[in-house]
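Respectively, the protein sequence lines represent chains A and B. If you count the first sequence from 1, position 14 lands on 14 in our numbering, and the numbers rise without skipping. If you count the second sequence from 1, position 146 lands on 1146 in our numbering, and the numbers rise without skipping. Ideal Cβ positions, reconstructed from N, Cα and C, are used throughout, including at glycine. All remarks here apply to the structure that follows.
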Amino acid sequence: MSRYDVRYLPRSTALGPALLLAAALASCTSVLEPTSATAGHVFDRYVALGNSLTAGFQSAGINDSTQRESYAAILADSLGTDFSQPLLQAPGCPPPVTNIFTGEVVGGASAPPCALRDPNLPAVLNDVAVPGAEVLDPLTNLSDSSSANLLTTLFLGGRTQLQAARDADPTFVSVWIGNDDVLNAALNGDTALITPLGDFTARYAALGDSLAALPHLEGAVLVGVADVRYVPNLSLGVAWWQAKQQNQLPPTLGVNDDCGPSSLGGVGETARVPFAYGFGYLMALAQQGQSVELDCVNDPSVLDPAEVDAVGRAVAAYNGVVHQVAKAHGWVYVDPNPLLYSELQKGDVPPFPHTSGQQAVDEPFGPLFSKDGVHPSLTGHRLVAGDILQAILSKYGAGQATP
Amino acid sequence: MTAIRLLPRSVLRWAVSRHRRSFLLGALVLWCVSPTAGRAQGFGVYEQGTCAMAMAGATVASPCDDGSALFFNPAATGARRGLTLSAGAAGIVAVGRFTANRTGAETDMNRKLLPVPHAYAVYGLGDRFGLGVGFYMPFGLETAWPRSSDAAFVSYDARLHSFYLQPTASARLTDRVSIGAGLTVVFSTVQLNQLLDLSTQQVPAGLGAPAGTLMGQLGVPFHTAFADAHLSAGTATGVGGNFGVRVRVTDRVDAGARYLTRVKLTYHGTASFAPVPTGLVLPAGNPYGVPAGTPMDAVLQAAGIFQGPLAAQGVQTTITMPDQLALGIGVRPTDRLHLEGDYYWTHWSLFGRLPIEFQGGAGTETRVEDYRNTSGVRLGGQLELTDRVRARVGYAFNQGAAPDQSVTPLLPEGQRNQFAAGIGWTPTSRLDLAFGYDFLLQVRRRGRVRDPLPGQLPDTGLNSGQFSFVGHLFSATATVHLQ
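Below, the structure written as structure tokens:
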């Protein structure tokens, strides 16, 4: 090699590394990183289990709009984490009612009873809740006691909630289930439908153990059973009695004095009348001219004081179980009932549905409940989400949440 | 609640026809894209000779003296008097990964060594004419992903082998200008294995569901495998040309150009299908009307889909490989140093819409790829350390041809940087040995592991993660010069 060659070589090699370095740096530029929740990495992959409340059922129906108003969706948004739901196309499956008294639904009379899922499926589901699910259902869809229904298949496709949750590999889960273990009893006035405490305890414990076994789970919140005695779908017997006294009911609809206040020897301040029975059955018959009478003690469809007490005791016992499971696993427990009782105190939950004017159409059960008087409205979901958010951030929060 | 009846056989037969088409469409992406990807992007780049590979393929103006001029610039064929025989092979190790955006889960490609042979025989007639024939594989591709991964729904084992046979003649028109032309005869085979996703299959109206309803709308979860599809295609052949011109501008500067014509290839394939258990067990109230506890597989089996509808089906497509233009300038600042810079342009936009004809009466489907024309730059150098030893380095950059919505496990393609080095050794006056290494570093790129739904166009909204890819290429060539 000549001297010229030796001098030339360093110039060339000086340019080379610079060029290569620039190219290498360009190659290493990341265009996408795995998502992370703004409220902390524990929430990176959030999965919600539950029933109609978590699924986003409102006004006796469910569609993509109501699903997005679920407290779980609101919570995920606040936590800054992705949340995919098994969205149902409009008008829904079934379509929500737009007027609880006339039965009109979203989409009108021509609306199909079930519009099925949105065809653009998410790769994983974060919301694996199924309307109607009881505490047994996340564990199995195939038991004789299972509450599986069409939405179980449409949402999960033959998986259980737990299996679908595993597929999402959650770092954080919320569970709000157990309401339907007692709600059906309340809505039907039949306490025999309450899931026995022993069964509830065993199933909830099994659910907790299964969740604890999820490989990357870092945290969880268990939400207690709502005190279903106080949902506005169950109106007070005394409200019916007062309506009768004020001639607000058809003449053919009688109300027994046992629905009156205790000061007059009645049990109406305790007895509860399901909407479907009071309005859907008795009122309908009365409006057809048939004489009927509401009885708050002897009518099997009405929750008499003993039955109301049984429902209340079941709720309390269930919540003892839920609290215990949360404690055993070191998870957060949220009791939703102080919030409910507080709103009751404020008078935002009417003891008797609004039956006239625009309010009867828009908010027959007040601002906190949807048009079925059981499931929260968007306002109600926001309140619940706020409660849960506060509780979980106090234990797990490490970043920015948006209340 | 809607009562949706059990799917009748005719419906599932129809649905399975869709499966077949979806699968074959996926396979044809491999057919259509990968060979050409190998030319300018892809996995099989620059392995047509170890000397050239070590200089990142920057040899259009001054091809290596190992016969690889047949490919890089036919005008230089037979530049050396007498017979030159050359043979070698490269081994490619591809290291790829898909990182799911949502979960951060990483899926690594299965690593394998892909051999890419090459061989040339050229003869210089006096100092004006040259003849030669070359055998090389510019388009060798094998990608393999775990069968349990989401990528498997696009492809879990894809193999493409392309063999090029190129007889070539060259002539030196003046002391400074040479031209050459070669006839490229292409033989290509392909094999693809893929899982089929039940959720994306359509069911028609009349079942209690609206027309066009997908199985996923009835609740079948995303990426539910129900069939393992295998496709193998016989040899497709095509003919094209490779033309070159080389100009000795000065004693120390060469210029060259090469034009590779487009090649029409017709592939004939057959697909076979094997059932895969879905693992789904239907609860009560299901839309199929079957009792609780019925496996989804039983519903599918009862429809007899693996007896009739999923029998072998032929398919055919004709693909035009893109033409490619390469321009290069080589300089020799000293007697021992050679430097070259090349520019490559590839007519990728030919791959916009790909019509696929099915031979079972399923009609014609069109696959949307929307590839873009690409440019690439290659820089290479060779320094004669001694009379018998030469050191080579190279760097290449290629644009990505695939648009953002077409990056999949089948070919997770994108912008690439390549860093190459090698050594040439002449142990005797008649023997040259070359060894080279090329490190391929692809810019990480978002991509998808799912195809668009029937009737929909690919969309970046389907991208759910990030592909990273590097390749290690090792090559060795032995060349014998006989007078």
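Pull up the distance between the alpha-carbon of residue i and that of residue j, whole angstroms please.
i, j, result
"Asn-120 (chain A)", "Asp-1459 (chain B)", "12 Å"
"Asp-199 (chain A)", "His-323 (chain A)", "16 Å"
"Thr-1168 (chain B)", "Gly-1096 (chain B)", "37 Å"
"Leu-1426 (chain B)", "Arg-1353 (chain B)", "Note that residue 1426 (chain B) is Thr in the sequence shown here, rather than Leu. Cα-Cα distance, rounded: 49 Å."
"Ala-1171 (chain B)", "Ser-1068 (chain B)", "17 Å"
"Asp-362 (chain A)", "Leu-187 (chain A)", "22 Å"
"Ala-1211 (chain B)", "Gln-1201 (chain B)", "13 Å"
"Ser-1429 (chain B)", "Leu-1114 (chain B)", "32 Å"
"Cys-1032 (chain B)", "Leu-162 (chain A)", "Residue placement at Cys-1032 (chain B) is poorly supported in this model, since its pLDDT is 32, which falls under 50; the coordinates are not used for a value here."
"Val-255 (chain A)", "Ile-194 (chain A)", "28 Å"
"Tyr-333 (chain A)", "Ala-76 (chain A)", "18 Å"
"Gly-40 (chain A)", "Gly-386 (chain A)", "17 Å"
"Ala-1079 (chain B)", "Gly-1180 (chain B)", "11 Å"
"Val-1133 (chain B)", "Pro-1063 (chain B)", "16 Å"
"Leu-393 (chain A)", "Gly-219 (chain A)", "11 Å"
"Leu-368 (chain A)", "Cys-259 (chain A)", "26 Å"
"Ala-310 (chain A)", "Pro-351 (chain A)", "20 Å"
"Tyr-1259 (chain B)", "His-1118 (chain B)", "20 Å"
"Ala-239 (chain A)", "Leu-340 (chain A)", "20 Å"
Closer than 8 Å by beta-carbon distance: list the chain A residues that pair up with residue i, in chain order.
i, result
"Leu-1457 (chain B)", "The premise fails here: Leu-1457 (chain B) is roughly 13 Å from chain A at the closest Cβ pair, so nothing lies under 8 Å."
"Ala-1292 (chain B)", "Asn-141, Leu-142, Ser-146 and Ala-148"
"Ser-1148 (chain B)", "What Ser-1148 (chain B) touches in chain A: nothing, since even the nearest Cβ is about 13 Å away."
Can you tell me where the beta strand (DSSP E) with residue i in it begins and where it stops?
i, result
"Lys-1264 (chain B)", "1264 to 1275"
"Thr-1059 (chain B)", "That residue, Thr-1059 (chain B), is in no beta strand (DSSP E); it is neither H nor E in DSSP."
"Val-1220 (chain B)", "Unbroken run through Val-1220 (chain B): none, as it is neither H nor E."
"Asn-1398 (chain B)", "1389 to 1398"
"Phe-1163 (chain B)", "1157 to 1172"
"Ile-1092 (chain B)", "1082 to 1100"
"Asp-1323 (chain B)", "Element bounds for Asp-1323 (chain B): n/a, residue is neither H nor E."
"His-1338 (chain B)", "1337 to 1346"
Just reading off the alpha helix (DSSP H) that residue i is part of, what are its end residues?
i, result
"Leu-1433 (chain B)", "Note, Leu-1433 (chain B): premise wrong, no alpha helix (DSSP H); beta strand (DSSP E) at 1431 to 1447."
"Glu-307 (chain A)", "305 to 329"
"His-1481 (chain B)", "Per DSSP, His-1481 (chain B) belongs to no alpha helix (DSSP H); it is in the beta strand (DSSP E), 1465 to 1482."
"Pro-338 (chain A)", "337 to 346"
"Trp-240 (chain A)", "237 to 245"
"Asp-1297 (chain B)", "1296 to 1302"
"Ile-100 (chain A)", "From DSSP, Ile-100 (chain A) is part of no alpha helix (DSSP H); its letter is neither H nor E."
"Ala-1255 (chain B)", "From DSSP, Ala-1255 (chain B) is part of no alpha helix (DSSP H) but of the beta strand (DSSP E) over 1253 to 1260."
Which residues in chain B have a C-beta closer than 9 Å to the C-beta of residue i? List them in chain order.
i, result
"Asn-149 (chain A)", "Met-1001, Pro-1283, Ala-1284 and Gly-1285"
Report the neighbours of residue i on chain B: residues whose CB is nearer than 8 Å to its CB, in chain order.
i, result
"Leu-75 (chain A)", "None at all; the shortest Cβ gap to chain B is about 18 Å."
"Arg-408 (chain A)", "Since the displayed chain A opens at 1 and closes at 403, residue 408 (chain A) lies outside it and no answer follows."
Taking C-beta pairs closer than 7 Å, name the residues in chain B that residue i reaches, listed in chain order.
i, result
"Asn-141 (chain A)", "Pro-1283"
List the residues of chain A whose Cβ lies closer than 9 Å to the Cβ of residue i, in chain order.
i, result
"Met-1296 (chain B)", "Gly-157 and Gly-158"
"Leu-1218 (chain B)", "Leu-116, Arg-117, Thr-153, Leu-154 and Gly-157"
"Ser-1464 (chain B)", "Ala-123"
I want to verify the contact list: residues of chain A whose CB lies under 7 Å from the CB of residue i, in sequence order.
i, result
"Leu-1214 (chain B)", "Pro-119"
"Ser-1199 (chain B)", "Leu-121"
key: Residues within the region 80 to 96 of chain A neighbouring chain B, beta-carbon criterion of under 9 Å   = Asp-82, Ser-84, Pro-86, Gln-89, Cys-93 and Pro-94
ask   = Taking contact to mean at least 3 C-beta pairs separated by less than 8 Å, is the region 1442 to 1456 of chain B in contact with the region 1398 to 1415 of chain B?
value = yes
task = Report yes or no: do three or more beta-carbon pairs, one from the region 57 to 68 of chain A and one from the region 83 to 101 of chain A, lie closer than 8 Å?
result = yes
ask   = When Cβ atoms are compared, which residues of the region 150 to 180 of chain A fall closer than 7 Å to chain B?
value = Leu-150, Thr-152, Thr-153, Leu-154, Phe-155, Leu-156, Gly-157, Gly-158, Arg-159 and Asp-169
task = Please confirm if the region 322 to 337 of chain A is in contact with the region 286 to 303 of chain A, defined as three or more CB-CB distances below 8 Å between the two stretches.
result = no
request  = Using a Cβ-Cβ cut-off of less than 8 Å, give me the residues of the region 1222 to 1233 of chain B that come near chain A, in sequence order.
outcome  = Phe-1222, His-1223 and Thr-1224
query = What residues from the region 1054 to 1069 of chain B come within 8 Å of chain A, judged by C-beta to C-beta, listed N to C?
reply = none
query = What are the residues of the region 1079 to 1112 of chain B that lie near chain A, defined by any Cβ-Cβ distance shorter than 8 Å?
reply = Thr-1099, Ala-1100, Asn-1101, Arg-1102, Thr-1103, Gly-1104 and Ala-1105
query = If contact means a Cβ-Cβ distance below 9 Å, which residues of the region 106 to 123 of chain A contact chain B?
reply = Pro-112, Pro-113, Cys-114, Ala-115, Leu-116, Arg-117, Asp-118, Pro-119, Asn-120, Leu-121, Pro-122 and Ala-123
query = Are the region 1324 to 1344 of chain B and the region 1380 to 1387 of chain B in contact at 8 Å, needing three or more beta carbon pairs?
reply = yes
inquiry  = Check whether the region 1181 to 1200 of chain B and the region 1088 to 1095 of chain B are in contact - that is, three or more C-beta pairs closer than 8 Å.
reply    = no
ask   = Which of the residues in the region 1338 to 1359 of chain B, read from start to end, lie with their CB under 9 Å from any CB of chain A?
value = Leu-1339
inquiry  = Output needed in chain order: residues of the region 1428 to 1458 of chain B with a Cβ under 8 Å from some Cβ in chain A.
reply    = Leu-1441, Gln-1442, Val-1443, Arg-1444, Arg-1445, Arg-1446, Arg-1450 and Leu-1453
query = Counting pairs of Cβ atoms below 8 Å between the region 1309 to 1327 of chain B and the region 1259 to 1276 of chain B, do you hit three or more?
reply = yes
request  = Quick one: which residues of the region 1252 to 1284 of chain B get their C-beta closer than 9 Å to a C-beta of chain A? List them in chain order.
outcome  = Thr-1278, Gly-1279, Leu-1280, Val-1281, Leu-1282, Pro-1283 and Ala-1284
ask   = Below 8 Å, can you find three or more Cβ-Cβ pairs linking the region 1179 to 1191 of chain B to the region 1154 to 1164 of chain B?
value = yes
key: Meets three-Cβ-pair contact criterion under 8 Å: the region 171 to 190 of chain A and the region 1293 to 1300 of chain B   = no
inquiry  = Taking contact to mean 3 or more Cβ pairs, one atom from each stretch, closer than 8 Å, check whether the region 1410 to 1425 of chain B and the region 1384 to 1401 of chain B are in contact.
reply    = yes
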